[in-house]
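Inspection log for the structure reproduced underneath, given as structure tokens.
Numbering (my numbering), first residue to last: 2 to 156.
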């Protein structure tokens, strides 16, 4: 499966005592810079006239929010060849007449599937669903290489 993140291939020599030199291919994830963004105001956050750059867990949190706010198949910029590999496809499901247990199950599956494409994310768990009229809130925990992060999305 194609990754939604750019990758570079690095070859590393590994010396084994009994068999001499062996070449092992290692794929490293290289992400571009992440910047602090105010999703309510719809603008980047600046400090002293410069956009604030994020790293580590804060960068990953922004990536998660952006992914969950991007509807797959909607924006041409995210098409790579014949496959749309960025975003999530849940809006039609959330507002469908399917049984609530089915909707919850599919949302959980889709969120896990899309988030786990990022190799910095180790697991996604502890889903909590809250429904108020036509709004559905989904909270969950992301276990990453940086530690735990709580996330929430509204549909």
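Using N, Cα and C, we set each Cβ at its ideal position, and we do this for glycine too.
Residue i vs residue j beta-carbon contact at 8 Å
i: residue 129; j: residue 111; result: no
i: residue 123; j: residue 152; result: no
i: residue 36; j: residue 52; result: yes
i: residue 95; j: residue 156; result: yes
i: residue 147; j: residue 58; result: yes
i: residue 61; j: residue 150; result: yes
i: residue 65; j: residue 143; result: yes
First and last residue of the uninterrupted beta strand (DSSP E) at residue i
i: residue 126; result: 122-133
i: residue 137; result: 136-145
i: residue 149; result: 148-155
Assumed close pair residue i, residue j - CB separation to whole angstroms, cut-off 8 Å
i: residue 54; j: residue 73; result: Actually they do not touch by this definition, with Cβ atoms about 27 Å apart.
i: residue 125; j: residue 137; result: Incorrect: roughly 17 Å between the Cβ atoms, too far for contact.
The alpha helix (DSSP H) enclosing residue i, as first and last residue numbers
i: residue 94; result: 92-95
i: residue 118; result: Careful: residue 118 lies outside any alpha helix (DSSP H) and carries neither H nor E.
Identified DSSP bridge partners for residue i
i: residue 89; result: 72
Restricting to runs no shorter than 3 residues, where is the beta strand (DSSP E) found entirely within the segment 33-75?
Secondary structure in the segment 33-75: no beta strand (DSSP E) run of 3 residues or longer lies completely within the stretch.
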